[in-house]
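Following: one structure in structure tokens, then a few remarks.
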Amino acid sequence: MQQMEQRDEVEMLSLMLLIRRFEERASQQYQAQKIGGFCHLYIGQEAVVVGAIAAVRPDDYVITAYRDHGHALARGTSANACMAELFGKETGCSRGLGGSMHFFDKRHHMYGGHAIVAAHVPLGVGLAFAIKYRGEDRVTLCFFGDGAINQGSFHEALNLAALYKLPIIFICENNLFAMGTSVTRSTSLKRIVDRAEGYDIPGEIVDGMNFREVRDTVAEVADSIRKESHPAFLEVRTYRYRGHSMSDPASYRTKEELEKYRLDDPIIRLRAQLTREGKLTNEQFDQLDKQAKQTVLDSVKFAEESAQLPVEKLHDYVYFDGGKS
Amino acid sequence: MREITYRQALNEALAEELERDPNVFLMGEEVAEYQGAYKVSAGLLQRFGPRRIIDTPISENGFAGLGIGAAMVGLRPIIEFMTFSFSLVAFDQVVNNAPNMFMMSGGQFNIPITFRGPNGPAHQLGATHSHATENFYASVPGLKVCTPATPRDAKGLLKTAIRDDNPVLVLEAELLYSSKGMVEPPDEELLIPLGKAEVKREGSDVTVVCYAQTVPIALKVAAQLEEEDISAEVVDLRSIKPLDEKTIFDSVAKTHRVVIVEQDHPYCGVGAEICYRIQKDIFDELDSPVLRVSQEDIPMPYNEHLEHAVLPNAEKLFDAVKKVCYA
Numbered sequence: 013m014q015q016m017e018q019r020d021e022v023e024m025l026s027l028m029l030l031i032r033r034f035e036e037r038a039s040q041q042y043q044a045q046k047i048g049g050f051c052h053l054y055i056g057q058e059a060v061v062v063g064a065i066a067a068v069r070p071d072d073y074v075i076t077a078y079r080d081h082g083h084a085l086a087r088g089t090s091a092n093a094c095m096a097e098l099f100g101k102e103t104g105c106s107r108g109l110g111g112s113m114h115f116f117d118k119r120h121h122m123y124g125g126h127a128i129v130a131a132h133v134p135l136g137v138g139l140a141f142a143i144k145y146r147g148e149d150r151v152t153l154c155f156f157g158d159g160a161i162n163q164g165s166f167h168e169a170l171n172l173a174a175l176y177k178l179p180i181i182f183i184c185e186n187n188l189f190a191m192g193t194s195v196t197r198s199t200s201l202k203r204i205v206d207r208a209e210g211y212d213i214p215g216e217i218v219d220g221m222n223f224r225e226v227r228d229t230v231a232e233v234a235d236s237i238r239k240e241s242h243p244a245f246l247e248v249r250t251y252r253y254r255g256h257s258m259s260d261p262a263s264y265r266t267k268e269e270l271e272k273y274r275l276d277d278p279i280i281r282l283r284a285q286l287t288r289e290g291k292l293t294n295e296q297f298d299q300l301d302k303q304a305k306q307t308v309l310d311s312v313k314f315a316e317e318s319a320q321l322p323v324e325k326l327h328d329y330v331y332f333d334g335g336k337s
Numbered sequence: 003m004r005e006i007t008y009r010q011a012l013n014e015a016l017a018e019e020l021e022r023d024p025n026v027f028l029m030g031e032e033v034a035e036y037q038g039a040y041k042v043s044a045g046l047l048q049r050f051g052p053r054r055i056i057d058t059p060i061s062e063n064g065f066a067g068l069g070i071g072a073a074m075v076g077l078r079p080i081i082e083f084m085t086f087s088f089s090l091v092a093f094d095q096v097v098n099n100a101p102n103m104f105m106m107s108g109g110q111f112n113i114p115i116t117f118r119g120p121n122g123p124a125h126q127l128g129a130t131h132s133h134a135t136e137n138f139y140a141s142v143p144g145l146k147v148c149t150p151a152t153p154r155d156a157k158g159l160l161k162t163a164i165r166d167d168n169p170v171l172v173l174e175a176e177l178l179y180s181s182k183g184m185v186e187p188p189d190e191e192l193l194i195p196l197g198k199a200e201v202k203r204e205g206s207d208v209t210v211v212c213y214a215q216t217v218p219i220a221l222k223v224a225a226q227l228e229e230e231d232i233s234a235e236v237v238d239l240r241s242i243k244p245l246d247e248k249t250i251f252d253s254v255a256k257t258h259r260v261v262i263v264e265q266d267h268p269y270c271g272v273g274a275e276i277c278y279r280i281q282k283d284i285f286d287e288l289d290s291p292v293l294r295v296s297q298e299d300i301p302m303p304y305n306e307h308l309e310h311a312v313l314p315n316a317e318k319l320f321d322a323v324k325k326v327c328y329a
């Protein structure tokens with residue numbers, strides 16, 4: 013509970029706003045062809061990563077899949093470094109070599125940004141293995157989508173984590189769709205969290221549109237893990253407002269469904285809670301939003317003005333020589 | 003120097019590196035309590051304990067990925083595949099995660115991991131258990147691949163691989179685990195650099211380029227050829243990637259004739275790459291076309307007689323050498 017109090021809720025709300033405004037601007041820049049490749053937006057899911065990050069320490073490990081902009085921003089990677097990465101610039105968080113799906117930030121313990129569905133779940137288990145091997149009290153947060161849970165690597169990873177009692181929280185961001193396939197068409201179980209039970213991993217369902225519920229649950233689980241190393245599983249129910257990627261009009265779902273979730277928007281919800289409790293005025297909120305928009309606008313300028321990695325330097329990124337050459 | 007087996011040499015390399023660096027650990031199927039499917043890790047559990055010698059379930063993708071994750075934060079995992087034929091289950095981890103991480107992260111995360119285990123056709127194991135994977139893996143930028151053929155090379159290359167800051171595959175020769183050879187005593191540090199071939203036998207008429215399980219074949223054929231007054235130089239690649247072009251080129255510049263004997267398939271095989279480089283860079287040195295002896299382009303049959311026919315073997319190599327020598 014100690015960690016929770018350290019992170020001010022208004023600050024967390026502004027982080028959610030930053031992610032929202034960043035993604036909106038990324039969408040616009042993508043359409044303007046400033047950003048290439050695939051681009052998967054996190055809009056609607058902000059409370060999941062911000063809630064989880066609010067509950068852990070800066071030195072805990074974070075790893076996620078390809079819908080990763082929010083995770084890097086929540087971890088502390090600057091909007092400048094994130095936008096520059098989307099623009100493919102050397103100032104990007106992966107020097108423009110990773111792109112939207114491969115955001116890395118060693119300094120902030122952000123271990124990617126991984127684009128093969130569920131292939132990073134064993135990596136997350138490896139991060140947790142290293143924690144236990146060294147006798148540390150860190151925790152690994154391993155995020156993935158509902159589409160990951162039917163891959164072999166996911167199952168192998170859960171079994172290994174349970175077998176070796178590793179300090180990892182598997183966070184399934186269930187946004188109901190793996191690309192265009194709804195969970196009901198992909199998964200035999202009614203509740204994803206029941207997958208964890210099959211590996212004797214304790215699991216819970218969490219409302220991913222509710223920042224406080226995510227934060228409090230992750231805090232409680234992380235606390236338990238730090239006392240005695242074990243894995244845990246959270247099925248965090250959320251919703252993405254946009255398509256799977258920029259090229260997806262999301263015609264597989266109804267307008268009504270989308271509207272229903274929009275009314276339950278995580279930003280509106282936290283704002284209302286804070287306002288009701290007298291911790292935030294409308295003016296303050298407007299100010300936070302203005303700041304977020306400005307930060308993102310500045311990041312576009314930064315990205316545009318940044319240089320690309322010269323072709324001659326490309327070979328420096330194939331093999332690491334430990335500074336020998 | 004003393005004579006030990008290839009298996010013992012690998013075991014010594016593992017023990018020495020585990021002793022030297024607390025970040026090194028060994029993980030794989032049957033590596034601990036069973037003492038290794040091929041007994042390469044015999045005694046290590048007793049010496050280093052279960053924290054560092056770790057049995058896994060049969061989950062190649064899972065534990066290969068675990069190793070890569072642990073390497074991201076500075077551990078130096080040694081991941082044993084019971085055979086490299088099973089590494090194909092973990093292909094995504096070995097090909098997509100380990101070698102790409104350094105580039106994808108803009109140089110933030112190198113992966114100091116060793117993948118090791120037996121590779122190449124053994125004896126009558128059928129199509130699924132007979133893969134020679136060196137050409138698959140050598141084609142991937144970011145991976146290094148070595149293929150020791152002698153106890154000395156096995157020890158020296160494995161130790162170097164474990165100390166390398168990149169993903170390295172040590173493809174051990176399944177048929178050579180019990181073969182013997184002279185190796186420096188344990189108190190003498192033995193490190194053999196990656197990307198350095200070795201002339202295993204000097205000769206003047208023809209160069210036979212070989213590696214792993216084809217090295218003993220090449221040496222045997224070279225001895226036979228001597229009776230026919232053909233002097234064959236045997237170049238053991240030792241590493242497939244990086245490739246030691248210089249040692250190959252120097253030998254070819256001396257002999258002007260080359261046969262490459264490889265244990266993989268002919269189509270896009272290791273020999274194809276070497277052949278390309280020879281004709282590109284030292285075309286004028288050649289007195290005859292380069293020939294390759296490899297597996298046939300056929301899934302491996304179980305029947306012993308048919309298996310022999312599919313494998314690169316001494317008869318095929320002997321004939322190929324005679325052909326390039328117009329003898």
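These protein sequence lines map, in sequence, to chains A and B. Residues 13 to 337 (my numbering) are what the first sequence spells out, left to right. Residues 3 to 329 (my numbering) are what the second sequence spells out, left to right. Even glycine gets a Cβ: it sits at the ideal position worked out from N, Cα and C.
Review point. If you measure from the beta carbon of residue 165 of chain A to each beta carbon in chain B, is any gap under 8 Å?
Key: The count along the first sequence starts at 1 and reaches residue 165 of chain A at position 153. Output row for residue 165 of chain A: interface = yes.
Check your understanding: Can you check whether the CB of residue 206 of chain A is closer than 8 Å to the CB of residue 186 of chain A?
Key -> Taking the first sequence and counting its residues from 1, the one referred to as residue 186 of chain A is at position 174. Taking the first sequence and counting its residues from 1, the one referred to as residue 206 of chain A is at position 194. Taking 8 Å as the cut-off, the Cβ atoms of residue 186 of chain A and residue 206 of chain A do not count as close.
Review point. What does residue 70 of chain B reach in chain A if we use C-beta pairs closer than 9 Å?
Key: Here the question's residue 70 of chain B lines up with position 68 in the second sequence. Going along chain A in sequence order, the residues near residue 70 of chain B (Cβ under 9 Å) are 134, 135, 138.
Review point. For residue 128 of chain A, which residues in chain B fall below 7 Å Cβ to Cβ?
Key: Reading the first sequence from its first residue, position 116 is the one you call residue 128 of chain A. Going along chain B in sequence order, the residues near residue 128 of chain A (Cβ under 7 Å) are 94, 98.
Point to revise | Under 8 Å (Cβ pairs) to chain B, residues found in the segment 102 to 125 of chain A | key: Flagged, chain order: 104, 105, 106, 107, 108, 109, 110, 114, 116, 117, 118, 123, 124, 125.
Point to revise | the segment 124 to 142 of chain A in contact with the segment 37 to 45 of chain A per 3-pair CB rule at 8 Å | key: Contact between the segment 124 to 142 of chain A and the segment 37 to 45 of chain A is absent: fewer than three C-beta pairs spanning the two stretches fall below 8 Å.
Review point. Going by C-alpha distance, which of B:112, B:229, B:234 is nearest residue 71 of chain B?
Key: For the purposes of this step, residue 71 of chain B is identified with residue 69 of the second sequence, where counting begins at 1. Comparing Cα positions, the closest option is B:112.
Review point. What do you get for residue 266 of chain A, buried or exposed, if any count of 16 or more other CB atoms within 10 angstroms of its CB means buried?
Key: Looking up residue 266 of chain A in the first sequence gives position 254. Its Cβ having fewer than 16 others within 10 Å, residue 266 of chain A is exposed.
Practice item. State yes or no: is the beta carbon of residue 85 of chain A nearer than 8 Å to at least one beta carbon in chain B? Key: On the first sequence, position 73 is the one that residue 85 of chain A refers to. Proximity of residue 85 of chain A to chain B, defined by a Cβ-Cβ separation below 8 Å, is not satisfied.
Review point. What is the DSSP secondary structure of residue 155 of chain A, reduced to helix, strand or coil?
Key: Numbered from its first residue, the first sequence carries residue 155 of chain A at position 143. In the three-state reduction of the DSSP assignment, residue 155 of chain A falls in the strand class.
Review point. Of the choices B:272, B:173, B:274, whose alpha-carbon is the least far from that of residue 86 of chain B?
Key: Working through the second sequence from its first residue, we reach residue 86 of chain B at position 84. Considering only alpha carbons, the answer is B:173.
Check your understanding: How is the alpha helix (DSSP H) around residue 209 of chain B delimited, first residue to last?
Key -> Start at 1 with the first residue of the second sequence, and residue 209 of chain B comes out as number 207. Note, residue 209 of chain B: premise wrong, no alpha helix (DSSP H); beta strand (DSSP E) at 208 to 212.
Review point. Does the beta-carbon of residue 16 of chain B have 16 or more other beta-carbons within 10 angstroms, so that it is buried, or is it exposed?
Key: Along the second sequence, read from residue 1 onward, the residue named residue 16 of chain B stands at position 14. By the neighbour-count rule (16 or more Cβ atoms within 10 Å), residue 16 of chain B is buried.
Practice item. Measure the beta-carbon distance from residue 240 of chain B to residue 319 of chain B and round it to whole angstroms, keeping in mind my assumption that it falls under 8 Å. Key: As a first step, residue 240 of chain B is located in the second sequence; it is residue number 238 there, counting from the start. As a first step, residue 319 of chain B is located in the second sequence; it is residue number 317 there, counting from the start. So it is not a contact: roughly 19 Å between Cβ atoms.
Point to revise | Residues of its chain near residue 50 of chain B, where Cβ-Cβ distance is below 7 Å and the 5 sequence neighbours each way are ignored | key: Within the second sequence, the letter at position 48 stands for residue 50 of chain B. Excluding sequence neighbours, residue 50 of chain B sits near 20.
Point to revise | C-beta contact flag for residue 32 of chain A and residue 65 of chain A at 8 Å | key: The residue labelled residue 32 of chain A in the question sits at position 20 within the first sequence. The residue labelled residue 65 of chain A in the question sits at position 53 within the first sequence. By the CB criterion at 8 Å, residue 32 of chain A and residue 65 of chain A fall outside the cutoff.
Review point. Thinking C-alpha only, which one of A:226, A:38, A:254 is nearest residue 246 of chain A?
Key: Locating residue 246 of chain A in the first sequence gives position 234, where the first residue counts as 1. Comparing alpha-carbon positions, the option among A:226, A:38, A:254 lying closest to residue 246 of chain A turns out to be A:226.
Check your understanding: How about residue 9 of chain B and residue 179 of chain B: do their beta carbons lie closer than 8 Å?
Key -> For the purposes of this step, residue 9 of chain B is taken as the residue at position 7 of the second sequence. For the purposes of this step, residue 179 of chain B is taken as the residue at position 177 of the second sequence. Result yes, Cβ atoms of residue 9 of chain B and residue 179 of chain B sit closer than 8 Å.
Point to revise | Separation of residue 147 of chain B from residue 58 of chain A, as counted between CA atoms | key: Translated into the one-based positions of the first sequence, residue 58 of chain A becomes position 46. Translated into the one-based positions of the second sequence, residue 147 of chain B becomes position 145. Separation of residue 58 of chain A and residue 147 of chain B (C-alpha to C-alpha, rounded to the nearest whole angstrom) is 43 Å.
Review point. Is there a Cβ from chain A that is less than 8 Å from the Cβ of residue 16 of chain B?
Key: Counting from one through the second sequence, the residue named residue 16 of chain B turns up at place 14. No, residue 16 of chain B lies away from the interface with chain A (no Cβ there is under 8 Å from its Cβ).
Review point. Taking Cβ-Cβ distances shorter than 9 Å, what residues in chain B pair up with residue 131 of chain A?
Key: As a working note, residue 131 of chain A is residue 119 in the first sequence. In chain order: 63, 67, 94, 95, 98, 99.
Point to revise | Extent of the continuous beta strand (DSSP E) run through residue 117 of chain B | key: Mapped onto the second sequence, residue 117 of chain B falls at position 115. Annotation: the continuous beta strand (DSSP E) that includes residue 117 of chain B extends over 116 to 121.
Review point. Between the beta-carbon of residue 124 of chain B and the beta-carbon of residue 151 of chain B, is there less than 8 Å?
Key: Numbered from its first residue, the second sequence carries residue 124 of chain B at position 122. Numbered from its first residue, the second sequence carries residue 151 of chain B at position 149. No; because the gap between Cβ atoms is not below 8 Å, this pair is not in contact.
Point to revise | Contact set for residue 249 of chain B: own chain, Cβ-Cβ below 8 Å, skip 5 residues either direction | key: The sequence position of residue 249 of chain B within the second sequence is 247, counting from 1. Taken in chain order, the residues that qualify are 198, 199, 200, 201, 237.
Practice item. Please report how far the alpha carbon of residue 327 of chain A lies from the alpha carbon of residue 104 of chain B, in whole angstroms. Key: If you number the first sequence from 1, residue 327 of chain A lands on position 315. If you number the second sequence from 1, residue 104 of chain B lands on position 102. If I take the Cα positions, the gap works out to 11 Å.
Review point. Between which two residues does the beta strand (DSSP E) harbouring residue 204 of chain A extend?
Key: Translated into the one-based positions of the first sequence, residue 204 of chain A becomes position 192. No beta strand (DSSP E) contains residue 204 of chain A, which DSSP labels as neither H nor E.
Check your understanding: Per DSSP, what kind of secondary structure is residue 2 of chain B in: helix, strand or coil?
Key -> No answer is possible for residue 2 of chain B: the residues shown for chain B start at 3 and end at 329.
Point to revise | Integer-rounded CB distance, given that residue 280 of chain B should sit under 8 Å from residue 260 of chain B | key: Within the second sequence, numbered from 1, the residue matching residue 260 of chain B stands at position 258. Within the second sequence, numbered from 1, the residue matching residue 280 of chain B stands at position 278. Cβ atoms of residue 260 of chain B and residue 280 of chain B come within 8 Å of each other, at about 6 Å.
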